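Numbering (the numbering used here), first residue to last: 16 to 135. Heads up, the beta-carbon is just placed ideally off N, CA and C, and yes, glycines get one too. All values reported here derive from a predicted model rather than from experimental measurement. Reviewing the structure listed below.
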């Protein structure tokens, strides 16, 4: 599986603030953990969680730096730029650890310090 291509397609949905599209990249029982939040299990719950996050921001864009693959796992990092509702921006590094089943995300852990996003 070409994980970099998978993530490029997935992040196109994220950067378009498309919660349903993002959730479609997970298995039905997939688990998503974003930053320090509790893990969210199941495609419908993931869609609801990320939809709530998307509604709190003005925009988002991801820049890849690296992607490594080891069997059914992928590790990636880059920069993410958040656009706040007031139009100001915050750019921070991100890293992910992912596990795949049947070409979809079974586990997706996104590590990012977004603490200044809502408290600039």
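Residues near residue i in its chain [Cβ-Cβ closer than 6 Å; skip 5 each side]
i           : result
residue 19  : 82
residue 79  : 93
residue 96  : 76, 104, 106
residue 122 : 46, 114
residue 48  : 54, 124
residue 74  : 98
residue 32  : 69
residue 132 : 97, 105
Span of the alpha helix (DSSP H) around residue i
i          : result
residue 31 : Segment: none, residue 31 is in no alpha helix (DSSP H) and carries neither H nor E.
residue 66 : 58-70
Bounding residues of the beta strand (DSSP E) (the contiguous stretch that carries residue i)
i           : result
residue 90  : 88-98
residue 45  : 41-49
residue 134 : From DSSP, residue 134 is part of no beta strand (DSSP E); its letter is neither H nor E.
residue 116 : 104-116
residue 125 : 119-127
Option in the options with minimal Cα separation from residue i
i           : options          : result
residue 65  : 89, 128, 38      : 38
residue 129 : 27, 52, 56, 22   : 52
residue 85  : 113, 24, 36      : 113
residue 98  : 69, 109, 35, 27  : 69
residue 30  : 72, 132, 91, 133 : 72
Nonlocal neighbours in the same chain, by C-beta distance under 8 Å from residue i, ignoring five residues either side
i           : result
residue 88  : 112, 113, 114, 115
residue 23  : 79
residue 153 : Any question about residue 153 goes unanswered here, given that the chain covers just 16 to 135.
Assigned exposure category for residue i - 16 Cβ within 10 Å defines buried
i          : result
residue 58 : buried
residue 26 : buried
residue 40 : buried
Cβ-heavy atom distance, residue i to the ligand ADP, below 7 Å
i          : result
residue 90 : This structure does not include the ligand ADP; it has no bound ligands of any sort.
Cβ-based neighbour list, residue i, same chain, cut-off 7 Å, excluding 5 preceding and 5 following
i          : result
residue 44 : 56, 57
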